[in-house]
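A.B. asks:
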Amino acid sequence: MTEETNREAVQNRETGDLQVSQNTFSSDNHYNQPVKLRPLAPTYVDVTELFISESTKLKVGELAMHENFQLANAINALEVMDIKMDTGLIDMNSNDYAFDTAIGRKLSEIIWVMDKLLALEMAWFTGSTLTQTIFTCIYVEQALINFEGLIETAHFGRHVHDAPKFDETDIRLAAVHFGLRSYILSMIKFCEICRIRLQQSDIKEDEDVSTHTYSLDMLQLVPISSILEFTNRCIDCLKSLHEQNDELNAIIERIELRQALLLAVEHNNLESFTVLKDSYHRVLDLIPNLKKTHALCKPLLAAFSVGVQGRLECIMPPWPVVDRTYDWGIYVLTRLANGMLDIQRIRGFENVAQVLVYFDSFSFRQPTELPFVRMSLLALFLSSSKIVGKVSVRDAFFDDVKDLCCPSPSLFEVSNQKFEQFITKAEICYTNLFSLRCQNKSRYRQSLCRALLDWDSLQVYCENLESSPSMHKFSPILTGFGGGQVQALPLSSWVYFRKLEIMINIIFLGFELDIYRLEEWKLMLWYGDYVLGKINGHLQRLQKILDLTVRLQNMDRGTIKFPQPSPSTADYNRTSNWLHLLRTRFSVFKELCHAYICLVAALSLAGIIQNVTSSAEKYSTPELLYKLRLKPFSTIGAPELPQYLTYADLLNLDEWDVDSLLDNASTLASAARKQADQLVAMNPELQVNWLLAGNDINKEHQDLVRSCIGLSIAISVLKNEKLTAQNAQQNQRRVKLKISHERFHHFFPILMVSIDK
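In terms of the working numbering, the sequence shown opens at residue 425 and continues consecutively.
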């Protein structure tokens, strides 16, 4: 390369010009050698004042970006050799190599390490990574690094191939190499079993729980029996020591806790229910004494280090170490044990509708059940490709249709291609109702939006099926005594009900998750009221069909010929009770929706809640926001999405005043309260499909009453202030609103009103 070419390349490098001569990389150029360009000295200019000055000129929604700016420029802006950017640098700054895991420790320190590990383990169950939790323990790191397939090799000490030699009669050494080691190995095995089961389920990685092990073998091939045998030997050794004291007994109890947890996950199947139940009860029995003996602890902070992250195969930036208290860990462990015991109730179901109600109440528990409990419930539900190992999915689907619509039993004996295709589609949609309820709340709502399309498609297929002549005998046209006619259409009616139920969950989950801005409440309450009206009308139609069928059969009118065999009286009564319960529940929802609409309208008229858009916002319009918020329902055939103008009429409050709207809201809230009280006081014998849900349903009804009471209180506070539309600015300054979810129904949070005097 000539000196002139070299000089030109240097000049291009300095000026940022990337153009090069075509001959530079030519194979004919015998002088094509790498050119050593001199490093460029960076020139820094303080642009802080300029940046602040120019940024004030930007309007909300505007973005300043150079035309040549690319994503690679943003990546190059990462700080090289910054600890926040490089996990490997953490190990360089840690001093944990000086910590000796082979020497004896005080018993109080061993108890503290065990309790700290329990808190970190429960943090992993609630979503933190292993690098943030149990992998920060140097004892855990040493045991896993030394592990070579046999449990004997998973020992402490930095000599990989040589297990430390110690005097087994030394209580401090025995506490480390028997007590702490057995505790840690059983904890690792327990986490590994749970991790594998979570991976095999419909869990969302890094959303519900993190299953990355960073290339560490967590005793995957070691049988549980080997771990349990080892812990038994360790307990026997500790009990044989002459220096028996409270601290040693506390260590033994913690090892017994690990044994109970291992037994519980080992027998997590249909056949070993007794062992599972006894194991989790043993965990709950040990917890009070574990909390009591925690006072014996003495911290051993050096046993935990963030530097462990730097020695793991992790390409992600370092995570902060989770800091959880022991009391919190015990609380989560209690939830884990109680949750695993509670889900066993579905083993005793009488009909599958009870199981679905249980899943529904299970999904709305506060706080949300742990991911492992949710996935264990789903695994138990679909054991051996059957519902709780007892009923096929096909029979479960038939039972649900029978429970809601009470058709002729001969309907389920139909054998033709179209009917079988419908059954196949319905089975998939039906089982998804259960699996979706085991997801976290945000994912549940998102998945429901996709499932809604499947159910809408299923309804279209079902309507075409029932319109065929071969299906007419199962859906006769019933003539009422008033002359009106109605057709049963049991399959289509069942699909439509489940679809409306999904729509209601999507709408009102938005309130629970705080998805809607306060100014959007009016829209979503209005649409929720619209869908609730549809489902109430549909339930009334089903009740009318049921009543007509019973009356015509009892009076032996020859106007229709019912298929044989006909449903029994017990089936009719069961369906009638179930329809009554559903209508009462959804009627409370509808009355509350009316009350909330009037309250929000009064707050809007008083200027306390501003409109969604103002004239200054040129990027959106009320109609565009209407379509955007209701987009999940825009492609549904039935019920059809109302036009925007229908909703726009609701926005016109010119003929209303604040006091009238509040009076209406108060009346509607009182009516909702009366119906909610009926749900609370309802005879348990009439609660057909709510028996399995038990306390969850009762709590939901009590929360519904509290929502009615809380709404009435908020209305009373506002009525005392004598708000008017003319004092909108003053009202906005004085009246403060806060959304409260605590102890209220998950669908109906309360607007807490405070007045600034």
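Heads up, the beta-carbon is just placed ideally off N, CA and C, and yes, glycines get one too. Keep in mind that this is a model prediction, so the values were computed, not measured.
1) Would you check if the segment 1136-1150 and the segment 1089-1106 touch, i.e. whether three or more CB-CB distances between them fall below 8 Å?
2) Do Glu-533 and Lys-722 come within 8 Å of each other at the CB atom, strictly closer than that value?
3) By alpha-carbon positions, which one of Phe-821, Gln-967, Leu-902, Leu-956 ends up nearest to Leu-915?
4) Less than 8 Å between the beta carbons of Thr-553 and His-636, yes or no?
5) Distance, Cα to Cα, Asp-520 vs Gln-733?
6) Could you pull the start and end residues of the beta strand (DSSP E) that Val-838 belongs to?
7) Per DSSP, what kind of secondary structure is Met-489 in: helix, strand or coil?
8) Skipping 5 residues on each side, what residues in its chain have a beta carbon closer than 6 Å to that of Cys-1022?
9) DSSP three-state label for Thr-903, please.
10) Around the C-beta of Arg-922, are 16 or more other C-beta atoms found within 10 angstroms, so that it is buried, or is it exposed?
11) Could you tell me the distance, in whole angstroms, from the CA atom of Ser-859 to the CA atom of Cys-853?
12) Taking Cys-658 as the reference, which of Arg-582, Ser-1131, Glu-851, Ile-676 has the closest Cα?
13) Below 8 Å, how does it come out for the segment 1074-1081 and the segment 1003-1012: are there three or more Cβ pairs, yes or no?
14) Please classify Asp-475: is it buried, with 16 or more other beta-carbons within 10 angstroms of its beta-carbon, or exposed?
15) By how many angstroms is the C-alpha of Ser-832 removed from the C-alpha of Leu-970?
16) Taking one C-beta from the segment 1149-1166 and one from the segment 1115-1133 each time, how about it: are there three or more such pairs within less than 8 Å?
17) Along the chain, which unbroken stretches of the alpha helix (DSSP H) at least 4 residues long are found entirely within the segment 1062-1098?
18) What are the residues that DSSP puts in a beta bridge with Lys-1162?
19) For Val-781, which three-state DSSP category applies?
20) Which residues does DSSP list as the beta-bridge partners of Ala-561?
21) Put Lys-483 into one of helix, strand or coil per three-state DSSP.
22) Is any heavy atom in the ligand MG found nearer than 7 Å to the beta carbon of Tyr-638?
23) Using beta-carbon positions only, say whether Ala-1149 and Ala-1025 come within less than 8 Å of one another.
24) Counting only runs that start and end within the segment 576-641, where is the beta strand (DSSP E) found for 3 or more residues in a row?
25) Roughly how many angstroms separate the alpha carbons of Met-1176 and Ala-1095, rounded to a whole number?
26) Please name the residue, chosen from Ile-679, Asn-693, Arg-678, Leu-700, that lies closest to Leu-687 on a Cα-to-Cα basis.
27) Which stretch, first to last residue, makes up the alpha helix (DSSP H) that contains Gln-863?
28) Per DSSP, what kind of secondary structure is Val-471 in: helix, strand or coil?
29) Can you name the start and end residues of the beta strand (DSSP E) that Val-745 belongs to?
30) Between which two residues does the beta strand (DSSP E) holding Val-910 run?
31) Distance, Cα to Cα, Phe-846 vs Asn-997?
32) Could you say if the segment 801-812 and the segment 767-778 meet the contact criterion of at least three C-beta pairs nearer than 8 Å?
33) Find out if the Cβ-Cβ distance for the pair Gln-778, Leu-1115 is shorter than 8 Å.
34) If you count every other CB in all the chains shown that lies within 10 Å of the CB of Ala-761, and 16 or more means buried, which is it?
35) Classify Lys-530 as helix, strand or coil using the three-state DSSP reduction.
36) Restricting to Cα atoms, I'd like to know which of Glu-653, Ile-930, Asn-692, Asp-824 is closest to Phe-788.
C.D. replies: This is what the structure holds:
1) Taking one beta carbon from each stretch, the segment 1089-1106 and the segment 1136-1150 have 3 or more pairs nearer than 8 Å; the two touch.
2) Result yes, Cβ atoms of Lys-722 and Glu-533 sit closer than 8 Å.
3) Comparing C-alpha distances from Leu-915 to each of Phe-821, Gln-967, Leu-902, Leu-956 shows the shortest one belongs to Phe-821.
4) One thing to note: Thr-553 has its Cβ within 8 Å of the Cβ of His-636.
5) Going by the C-alpha atoms only, they are around 12 Å apart.
6) Premise fails: Val-838 is in no beta strand (DSSP E) and is neither H nor E.
7) Met-489 falls in the coil class under three-state DSSP.
8) Scanning its chain for C-beta atoms nearer than 6 Å, with the 5 sequence neighbours on each side dropped, one finds around Cys-1022 the residues Leu-1085, Asn-1088, Ala-1089, in chain order.
9) Here DSSP, grouped into helix, strand and coil, assigns Thr-903 to strand.
10) Buried.
11) Answer to the nearest angstrom: the Cα atoms are 10 Å apart.
12) Cys-658 has its Cα closest to that of Ile-676, out of Arg-582, Ser-1131, Glu-851, Ile-676.
13) Counting Cβ pairs under 8 Å, fewer than three are found: no touch.
14) The question names Asp, yet the displayed sequence has Phe at residue 475. Its Cβ having fewer than 16 others within 10 Å, Phe-475 is exposed.
15) Distance between the alpha carbons of Leu-970 and Ser-832: 12 Å.
16) Short answer: they don't touch.
17) Qualifying alpha helix (DSSP H) stretches, in chain order: 1068-1075.
18) Met-1176, per the DSSP bridge assignment.
19) Three-state result, Val-781: helix.
20) The displayed chain sequence assigns Cys, not Ala, to residue 561. Cys-561 is bridged by DSSP to Phe-728.
21) Three-state DSSP puts Lys-483 in coil, outside helix and strand.
22) Looking at this structure, you won't find the ligand MG or any other ligand, since it has none at all.
23) Going by C-beta atoms, Ala-1149 is not nearer than 8 Å to Ala-1025.
24) Correct list: empty.
25) When the Cα atoms are used, Met-1176 and Ala-1095 turn out to be separated by approximately 21 Å.
26) Nearest option by C-alpha distance: Leu-700.
27) Bounds of any alpha helix (DSSP H) do not take in Gln-863, whose DSSP letter is neither H nor E.
28) Note: Val-471 maps to coil in three-state DSSP.
29) That residue, Val-745, is in no beta strand (DSSP E); it is neither H nor E in DSSP.
30) Segment 909-911, the beta strand (DSSP E) holding Val-910.
31) A direct Cα-to-Cα measurement between Phe-846 and Asn-997 gives close to 28 Å.
32) Contact check between the segment 801-812 and the segment 767-778: three or more CB pairs, one atom from each, fall below 8 Å, which counts as touching.
33) At the C-beta level, Gln-778 and Leu-1115 come within 8 Å of one another.
34) Around the C-beta of Ala-761, 16 or more other C-beta atoms lie within 10 Å, and the residue is accordingly described as buried.
35) Here Lys-530 sits in coil by DSSP.
36) Considering only Glu-653, Ile-930, Asn-692, Asp-824, the residue with the shortest C-alpha distance to Phe-788 is Ile-930.
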